[in-house]
Amino acid sequence: MRHFNRRSFLRALGGLSLPAWFPRLAFASSAARITARRDTLVCVFQRGAADGLNTVVPVGDNAYYDKRPTIAIHQPAAGVTGAAIDLDGFFGLHPALAPLKELYDQKVLAPIHAVGSPDPSHSHFEAQDFMERGTPGSKTIGTGWINRHLASLDAAGATNTSAFRAVGIGTLLQTALRGQVPATALQSIADFHLKGKATSIPSFQPTLSLLYGDSSFLAAHAQETLDAITTLAAANAGTYQPQHGAKYPASTFGKALAQVAQLIRANLGLEVACLDIGGWDTHFAEGGATGAMARVLADLAAGLNAFYTDMADQMSHITVVTMSEFGRRLLENASGGTDHGHGNSMFVLGGGVNGGKVYGTWPGLAPAQLASPGDLQVTTDFRTVLAEIVSQRLVNPQLDQVFPGFQAPSFLGLVQPAS
Amino acid sequence: MPDTLLSRRNLFATGAGVAMAGALAELAHEPLFATARSDRPLVDWQAAAPAQGSGLPPPDPIVYLVNRITFGLRPSDLDRARGLGFAGFVDEQLNPELIDDSEVDAVLAADFPTLFMRPSRLLTLDKQVVTGALAGATLYRALYSRRQLYELMVDFWTNHFNIYHYEKEDFWLKTVDDREVIRRHALGNFGDLLSASAASPAMLVYLDNAHNTKAGPNENYAREMLELHTLGVNGGYTQQDVQEVARAFTGWTVLGKGANAGRFTFNPATHDNGARNVLGQQIPAGLGVGHGQRVLEITASHPSTAVHVVTKLCVRFVSDTPPQSLIDAAAATFNGTQGDIREVMRTILTSDELRNAADQKLRRPFEVVGAAVRALDAQVNGDGLASLAGALVLMGQLPFNWIPPNGYPDANAAWVNTNAMLNRWNLGLALGANALKGVTADFSVGSSPSAAHLVDQLTARLLARPLLPAHRQLLVRFMAGDLPNRAPLPAQQVKTNLPGLVSLILDSPYFQWR
């Protein structure tokens, strides 16, 4: 297959007038020269409501053990298989998260607990939507918080027009990335090109481009796609070799992280990437130290550890944040699982993170301390965490644009200001 | 046990089911089928990015209307619709039982025997054979059944009552749900459909109600039933209602053993037989299985359910933002007929609002595949079904492969992004070159045609709608190269450029609209 090149494109254009988007396409490669000091943000969404209580385990809270007779994680104890890994005496990591403990000890990983959305919705779809828009309880703003972050940078004079400035890994674009700034959905870097004999006809791609060269709903998407194809072909991003002996898990999540790493290494102007990890909706047979949720946690931890190892030389300019739409009920149900809850845990990872400590205010798990109908309370709004990252690591002070109507009480001190 | 020793050999002796199973087994190494799942959300896509229309010259109304209520035009559909008029065509399609579909039925009976098996027998079979046959048959019916509107309704309810195919016992039980819930009631009564779904073993397994017991109720089914199947997320239920509904359905489970393995059963021992209060209505103690049945009656006839269900139907068939007048009319029919789906569809399909909604709905990937094969009048064998299933995996819409319970999103904005455009284009490139294994289209043309003639002939066949003159000229230039528009083309030039022309037409914005 032959990639589109500009000369054949210009030849094929002949006497036709240039469409409005043309300069952007022609100069897309200039994006590679952008050297922003702001971090690249990698946003991981745990779809399905992850059980934060079995992720960052409150081993010092007796109510946890009272309400979870079969799925609780043991208190840390030497020589006990499946016990929690001690963090600070009160919290422990699920044993499947051992690869994250290394990062915690290196002080580049910060767990936050009792964090989440102030909206009480127990619907996956509504709560994910609220969280990705960054507007809990409100459906009046249709754009995602990450897209608004980029749009506010543009309004303040940012000039990154790379097709790979904002990337969502997967077949559908994440809601957080939706909005006026173009964002690219990508399944596979290696496969991101037009295929087939007809593409060797020099006028094929220019003709296709001109068929979409108007102002209709599809035109912008088509031009972004052609732009991305062209940019990737020029970058010659072939097979990817992780650095520093990093081994990504063979899972969807591991592959997605490797794609993000590859995009960063290709120096294509990536500013934000969104990826998903599913399998958290554990109503049935959640398991404890082993079982269904332990397997997904192991995938999460192995993936993040591999990413950190791979990108070690660049982590001072990368921040990773994990989130999930809500947590799960304290009381386990009779089918060895947990139903939809409220407060949850998050992780922030990166060279600029003040790690090695659990953040947040623990509200307790006694009956009077729970949110209805028996859930961990939210004492830290998820936007407080994200706002600190946006402000300190993404060097964007326009928080009123990113999280309209939200006033962060004060930052938790999760990260250092970007240098 | 002679009857459990399967016709696995028969399946392997026949074509389609087997090729599907093989192909899907290969796909099993791909992420979509791995244990790590990627639950994508339904969002309010409409609010995110309203479609602005196609900006293209509109199609002939009957072309548009027939496209909208089929998986895409075949030339024979258009002839039939022109003969009957659109109203007559709708009427015919609303009575699928009167449409002779014996050719398709014969293929299904011969090549997809698992579709007709009882659950205890299915459970003895290789899961890849069973899932492959259902996905393959679904694709085959979309491509070739003459009951096109019925197949679209099956697709609609499959998503409304979504069940992920590739976990737990649903590898096998979804086949029964497809046959005895979705297909049985697709144009029937909504309350019957809801009740059948509530007692469907595949649903009981998927949303964990099979494990919902009085000792510690499992809320999963109760919540999704209220939020997705009936009232809608803003339909007026509370967390308390979720918990009450969950208790009402305790004991609704699935038999694990014996001749009725995989069938519904009610277990009084695990049922909470107390009185319930659901959506403000009292349900007395002691009703046993009647508690759940009473909940189904209350929710099926709740005013929010009518609005929620008909709005989704209007979004599916008319526009991402359907006019309130149409929602009101369809809801009135729903309420006036106690949920007669056929009559609700008649209201929607004979409305002025539908007539005025050309180029409002993009084809989703399943409809892209269906429309392309149908427009090309391509022959598809078992390998071909597998090839098309592979394309659908890439494009993210293989039937029954959506993990969370809300079904594939139905909004233009959900299905358009860089990745989606690339995959649509690559599908068109493969089909134009006859490069998809098992999918064959005939592009033979007369001797020495001109570029203009070829473009007009192929766009009429594949799009059946007018082109902007500038777009027509682009395609003619692609074909003609340096020759004049109407000059006879050398055979070699036709051979080299024709696949590209077909691909450009399938890849064009015209083909993306339903």
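Heads up: the protein sequence lines correspond to chains W and S, in order.
If you use our numbering, the first sequence corresponds to residues 19 to 437, in order.
If you use our numbering, the second sequence corresponds to residues 1017 to 1530, in order.
For every residue, glycine included, the Cβ atom is placed at its ideal position computed from N, Cα and C.
Whole-angstrom distance between residue j and residue i, CA atom to CA atom
i         : j         : result
W/His446  : W/Phe325  : Residue 446 of chain W falls outside the range modelled here, since chain W spans only 19 to 437, and no answer is possible.
W/His358  : S/Asn1236 : 8 Å
S/Glu1313 : W/Phe143  : 26 Å
S/Gly1204 : S/Leu1223 : 24 Å
S/Gly1248 : S/His1324 : 6 Å
S/Thr1456 : S/Gly1152 : 17 Å
W/Leu59   : W/Glu406  : 13 Å
S/Pro1066 : W/His211  : Caution is warranted here: a pLDDT of 43 is assigned to S/Pro1066, below 50, making its placement in the model unreliable, and the coordinate value is therefore given only provisionally. Taking the straight line from one Cα to the other gives about 28 Å.
S/Val958  : S/Asn1250 : Residue 958 of chain S cannot be examined here, being either before or after the span of chain S that is shown, 1017 to 1530.
S/Gly1207 : S/Val1311 : 11 Å
S/Lys1511 : S/Leu1452 : 18 Å
W/Val185  : W/Ala68   : 24 Å
W/Ser47   : W/Val74   : The predicted model places W/Ser47 with a pLDDT of 36, which falls under 50 and marks its position as unreliable, so this point remains unresolved.
S/Ile1198 : S/Gly1497 : 52 Å
S/Val1079 : S/Ala1097 : 9 Å
W/Met438  : W/Thr99   : Since the first and last residues shown for chain W are 19 and 437, residue 438 of chain W lies out of range.
W/Glu120  : W/Ala291  : 24 Å
S/Asn1351 : S/Ser1403 : 43 Å
S/Leu1427 : S/Leu1438 : In the sequence as presented, Leu is not what sits at residue 1427 of chain S; that position holds Ala. Roughly 19 Å separates the two Cα atoms.
W/Gly231  : W/Ala237  : 6 Å
S/Gly1267 : W/Gly287  : 56 Å
W/Glu350  : W/Pro94   : 21 Å
W/Met329  : S/Val1170 : 48 Å
Within 8 Å, strictly: CB atoms of residue i and residue j
i         : j         : result
W/Val77   : W/Phe108  : yes
W/Leu432  : W/Val371  : yes
W/Leu417  : W/Ser409  : yes
W/Gly361  : W/Gln387  : no
S/Arg1239 : S/Val1258 : yes
S/Gln1340 : S/Phe1382 : no
S/Val1082 : S/Leu1100 : no
W/Ala102  : W/Pro117  : no
S/Pro1525 : W/Ala216  : no
S/Ala1388 : S/Leu1522 : yes
S/Val1192 : S/Pro1129 : no
W/Gln277  : W/Ile187  : yes
W/Ala274  : S/Gly1232 : no
W/Phe344  : W/Gly134  : yes
S/Leu1138 : S/Gly1278 : yes
S/Trp1431 : S/Arg1380 : yes
W/Glu289  : S/Thr1434 : no
Segment limits, alpha helix (DSSP H) that includes residue i
i         : result
S/Ile1364 : Ile1357 to Leu1365
S/Gln1109 : Pro1091 to Gln1109
S/Gly1306 : Gly1306 to Ala1316
W/His131  : Taken as a continuous stretch (DSSP letters only), W/His131 belongs to no alpha helix (DSSP H), being part of the beta strand (DSSP E) at Leu127 to Gly134.
Classification of residue i by the beta-carbon crowding that lies within 10 angstroms, buried from 16 upward
i         : result
S/Ala1503 : exposed
S/Asp1288 : buried
S/Asn1372 : exposed
S/Val1471 : buried
S/Phe1172 : buried
S/Thr1349 : buried
W/Lys265  : exposed
S/Leu1114 : exposed
W/Val420  : buried
W/Ala174  : exposed
S/Glu1119 : exposed
S/Gly1104 : exposed
Residue i: first and last residue of the uninterrupted beta strand (DSSP E) it sits in
i         : result
W/Val15   : Any question about residue 15 of chain W goes unanswered here, given that chain W covers just 19 to 437.
W/Ala203  : Thr202 to Leu204
S/Gln1297 : Gln1297 to Ile1299
S/Arg1390 : Premise fails: S/Arg1390 lies in the alpha helix (DSSP H), Pro1381 to Leu1392, not in any beta strand (DSSP E).
W/Met333  : Unbroken run through W/Met333: none, as it is neither H nor E.
* Which ranges would you report for the alpha helix (DSSP H) in the region 373-419 of chain W if only whole runs of at least 4 residues count? -> 400-406
* Whole alpha helix (DSSP H) elements within the region 67-120 of chain W, 4-residue minimum -> 80-85
* Which full runs of the alpha helix (DSSP H) of 4+ residues lie inside the region 1211-1282 of chain S, going along the chain? -> 1217-1222, 1236-1240 and 1255-1264
* To do: Report the residue ranges of all alpha helix (DSSP H) runs contained in full by the region 159-239 of chain W; include only those spanning at least 4 residues, in chain order.
  => 163-173 and 222-229
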